[in-house]
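Chemist: Residue numbering for the sequence shown is 66 to 356, as defined by my numbering. A virtual CB, placed ideally from N, CA and C, is assigned to each residue, including glycine.
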Amino acid sequence: GELADRPSCAPGGPGKRRAWRRTRPRALGRLSLGDPAGSSPVRRMTSPAFLGALCLALSCLGGAHGFWRSDDLEWSKLIMVHHWPATVCQEVARHCKDPPNYWTIHGLWPDKSEACNRSWPFNPHEIKDLLPDMKMYWPDLLHPSNSSLQFWSHEWKKHGTCAAQLDALNSQRKYFGKSLDLYKALALTSMLQKLGIEPSTDHYYQVSDIRDALVTVYKVVPKVQCFLLEKGQEVQLLGQVELCFSKDLQLQNCSHAAEPAARRQEAWPNLGLHVCNDGPVLYPPLNETKL
Numbered sequence: 066g067e068l069a070d071r072p073s074c075a076p077g078g079p080g081k082r083r084a085w086r087r088t089r090p091r092a093l094g095r096l097s098l099g100d101p102a103g104s105s106p107v108r109r110m111t112s113p114a115f116l117g118a119l120c121l122a123l124s125c126l127g128g129a130h131g132f133w134r135s136d137d138l139e140w141s142k143l144i145m146v147h148h149w150p151a152t153v154c155q156e157v158a159r160h161c162k163d164p165p166n167y168w169t170i171h172g173l174w175p176d177k178s179e180a181c182n183r184s185w186p187f188n189p190h191e192i193k194d195l196l197p198d199m200k201m202y203w204p205d206l207l208h209p210s211n212s213s214l215q216f217w218s219h220e221w222k223k224h225g226t227c228a229a230q231l232d233a234l235n236s237q238r239k240y241f242g243k244s245l246d247l248y249k250a251l252a253l254t255s256m257l258q259k260l261g262i263e264p265s266t267d268h269y270y271q272v273s274d275i276r277d278a279l280v281t282v283y284k285v286v287p288k289v290q291c292f293l294l295e296k297g298q299e300v301q302l303l304g305q306v307e308l309c310f311s312k313d314l315q316l317q318n319c320s321h322a323a324e325p326a327a328r329r330q331e332a333w334p335n336l337g338l339h340v341c342n343d344g345p346v347l348y349p350p351l352n353e354t355k356l
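1) Could you have a look at Y270 and say whether DSSP puts it in helix, strand or coil?
2) What's the gap between the Cα of G337 and the Cα of L293?
3) Got a sec, what are the start and stop residues for the alpha helix (DSSP H) H339 sits in?
4) Quick check: what's the CA-CA separation for G225 versus D163?
5) From the DSSP output, in three-state form, read off W221 for me.
6) If we call anything under 8 Å between Cβ atoms a contact, is P287 one with E263?
7) Within the same chain, show all residues whose beta-carbon is closer than 7 Å to that of A180, passing over the 5 residues directly before and after it, in chain order.
8) Quick check: the region 275 to 289 against the region 192 to 207, are there 3 or more CB pairs under 8 Å?
9) Any idea what DSSP makes of L19, helix, strand or coil?
10) Grab me the residues of L195's own chain with a C-beta within less than 8 Å of its C-beta, minus the 5 sequence neighbours each way, in chain order.
11) Using 8 Å as the cut-off, can you tell me whether the region 143 to 150 makes contact with the region 173 to 190, which would need three or more C-beta pairs spanning the two stretches below that distance?
12) What is the C-beta distance between M140 and S178, in whole angstroms, given that I count them as a contact (C-beta under 8 Å)?
13) For H268 and Y348, I'd like the C-alpha separation in whole angstroms.
14) When we look at the beta-carbon of G304 and count the other beta-carbons within 10 Å, is it buried (16 or more) or exposed?
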């Protein structure tokens, strides 16, 4: 069925310009709830009318914030995650169908928080004008038959609802639109080509060379991720590149590449991505990938 819109009291709902602003509750002042004169404050505070109003207020608050805790919303940077379709499809050959020959978007992730507003469902109608670019640059490589809607819904509910703290990302249209803008501005595929780093089966690259080359272009340290070696593999496969942004959407350093483990892999828990070990890495071309 058609997905429901956000409740009217949710952040960013109709008529609301700013999302996630936390305000101090107003003082109740004197309440006139029809109590008999001279009744005690305790009696007034437990009257059916007062309790009904309180219940309504809490219900709206719960719908608006998805019963979040303040520490759930704490994040400091956004991570633009690119993945290389040839490598992803080589790891999960039974799923892929006509993968593109360029780096695609995995997601735009706040670095620490997840699922910040469970009452704000994904609504594809809000990004209707973005769908041509979404299908091209943000495809669901593993489940192509579902038109990527399930993948985008997952990314919105888990990451977009947290990124919506920022005015620039406080709607589904803004979140996906800005993600596409950042992806196009970074132009990772063409930047790697200009640096002379192209897919090949003839030679390996050094992980440090790829990372250092990206630093010369973007002036920040990226995170380069590979697939774990499996039995029979001689070298790790280049799979994912993360570039990080501050809350004002300026490039900044990601965590050091020597970090022991990467983030868990989203809707794809079995891919086995990790921060690349220093040493050789294969950047496989699409036409050499066994699908």
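Modeler: By the coordinates alone:
1) By 1-based counting over the sequence shown, the position of residue 270 is 205. In the structure shown, Y270 sits in a strand (DSSP, three-state: E or B).
2) What you label residue 337 is simply residue 272 of the sequence shown in a count that begins at 1. What you label residue 293 is simply residue 228 of the sequence shown in a count that begins at 1. Each residue's Cα considered, the two are about 6 Å apart.
3) In the sequence shown, counting from the first residue as 1, residue 339 sits at position 274. Careful: H339 lies outside any alpha helix (DSSP H), inside the beta strand (DSSP E) at L338 to V340.
4) Locating residue 225 in the sequence shown gives position 160, where the first residue counts as 1. Locating residue 163 in the sequence shown gives position 98, where the first residue counts as 1. Those two C-alpha atoms are separated by around 27 Å.
5) Indexing the sequence shown from 1 puts residue 221 at position 156. Helix, per DSSP.
6) The residue you call residue 287 lines up with position 222 of the sequence shown. The residue you call residue 263 lines up with position 198 of the sequence shown. Contact flag unset, no.
7) The sequence position of residue 180 within the sequence shown is 115, counting from 1. These residues qualify, in order along the chain: K222, K223 and T226.
8) no
9) Here the chain covers residues 66 to 356 and nothing more, so residue 19 does not appear.
10) Taking the first residue of the sequence shown as 1, we reach residue 195 at position 130. Closer than 8 Å at the Cβ level, and outside the excluded window around L195, lie R238, F241, G242 and L245.
11) yes
12) Position 75 of the sequence shown, counted from the start, is the residue given in the question as residue 140. Position 113 of the sequence shown, counted from the start, is the residue given in the question as residue 178. Before going further, note that residue 140 is Trp rather than Met in the sequence given. Right, their Cβ atoms sit about 5 Å apart.
13) Translated into positions along the sequence shown, residue 268 becomes position 203. Translated into positions along the sequence shown, residue 348 becomes position 283. Cα-Cα distance, rounded: 9 Å.
14) Locating residue 304 in the sequence shown gives position 239, counting from the first residue. Its Cβ being crowded by 16 or more others within 10 Å, G304 is buried.
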